[in-house]
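Here is the structure we will look at.
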Amino acid sequence: MGTSEDRVGAPVTWDPVQYRRFAAERRQPFDDLLALCRQVPGGTVVDLGCGSGELTAELHRRLGAADTLGIDRSAAMLAEVPAGVEGLHFAEGDIAGFDGPPVDLVFANASLHWMGDHPALLRRLRDTVRPGGQLAFQVPANFDHPSHTLARSVASEPPFLEALGGELPADRGGSVLAPGAYAELLYGLGARPPLVRLQVYGHELASTAEVVEWVRGTLLTPYREMLGEEGYERFVTAYRRRLLGELGDRSPYFYGFARILCWASF
Ligand SMILES: C[S@@+](CC[C@H](N)C(=O)[O-])C[C@H]1O[C@@H](n2cnc3c(N)ncnc32)[C@H](O)[C@@H]1O
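Shown next, in the form of structure tokens:
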């Protein structure tokens, strides 16, 4: 695609089974984002980066939409979407190229951090919201947690750096802005007032090793694509060792996960 706001090292090969292992924890921010949205009775909704679509179906039902379109670029995720719900559709596509006719709500839960240049991205997404409509998105903000920093640090050492061709996947933390910056951007785009919230979701995982299973479903996905199955498993083993060394092998393990929730109406 190649726009300035293009995806940043975003993988296509997602694993819906791995992603769903923490479905209960991952849905908490979805519920909170949905609670910020107004009903759209008989209206139109687009869910960008909809994944395997269970939450898109819920969005559709709970907001009373007539037509909801879920868009994702992973065929593996889309293969699992719910079928037969009236007014609910899915399509393979890239957020980078999304520019459909304006809708009542543009929603994106845990997907926009895979895109770069958020000021340009939000300007463009604002144009896909009809007058009086809403834009709602949630992005992770825990890129300074060891679960994230150690993945990059292990990947930047031999033999993984060589196997990655000398280049790490782009740091998605570099895409995500500070909460205040999102508020200013959305205000500048016409939201009166925008609503932006930083929230730490506290997840009590069975043990520290579960953090590895968590990030295997998301953060580590580009490494799998770049290293191939065998190289990836070696990488995960090295990462697990480093992570447990740093965080301690604890049971249970408290995983505090910061996220930014944004809602705007224009
Ligand atoms: C962490 S999952 C979130 C899925 C869903 N929104 C949820 O809350 O469960 C991120 C999803 O964004 C999709 N994604 C990432 N970059 C994308 C892009 N540039 N265009 C379309 N989908 C993208 C991935 O394929 C993945 O399914």
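To convert, note that position 20 of the sequence shown is 146 in my numbering; the numbers rise steadily by one, no gaps. Think of the CB as a built atom: it goes at the ideal place given N, C-alpha and C, for glycine as much as any other residue. As the structure is a prediction and not an experimental result, all values here were calculated from the model.
Residues sharing a beta bridge with residue i, DSSP
i      : result
Glu355 : According to DSSP, Glu355 bridges with nothing at all.
Leu116 : Since the first residue shown for the chain is 127 and the last is 392, residue 116 is missing from the structure and cannot be characterised.
Arg385 : Pro266 and Gln325
Tyr145 : Per DSSP, none; premise fails for Tyr145.
Phe75  : No information on residue 75 is available, as it lies outside the stretch 127 to 392 that the chain covers here.
Alpha-carbon to alpha-carbon, residue j and residue i
i      : j      : result
Gln165 : Leu195 : 16 angstroms
Val134 : Ala222 : Any reading at Val134 must be qualified, since the residue scores a pLDDT of 46, below 50, and its modelled position is unreliable; the value itself is stated next. Approximately 11 angstroms, taken between the alpha carbons.
Leu346 : Gly226 : 31 angstroms
Pro305 : Tyr327 : 16 angstroms
Glu310 : Gly242 : 18 angstroms
Glu359 : Thr344 : 15 angstroms
Ala364 : Val280 : 7 angstroms
Val188 : Gly168 : Val is not the amino acid found at residue 188; the sequence shown has Arg there. Distance between the alpha carbons of Arg188 and Gly168 is about 12 angstroms.
Gly210 : Ser377 : 42 angstroms
Thr170 : Leu181 : 16 angstroms
Gly300 : Phe383 : 17 angstroms
Ala296 : Asp141 : 20 angstroms
Ile386 : Gln264 : 6 angstroms
Leu214 : His274 : 35 angstroms
Tyr381 : Asp158 : 18 angstroms
Glu351 : Thr139 : 7 angstroms
Leu312 : Pro285 : 43 angstroms
Proximity test, residue i beta-carbon vs ligand 1 heavy atom, cut-off 8 angstroms
i      : result
Gly300 : no
Asp198 : yes
Asp173 : yes
Trp389 : no
Leu181 : yes
Ala236 : yes
Asp220 : yes
Arg152 : yes
* Asked: Which runs of the alpha helix (DSSP H) fall wholly inside the stretch 248–326 and span at least 4 residues, in chain order?
  -> 272–281, 286–289 and 305–314
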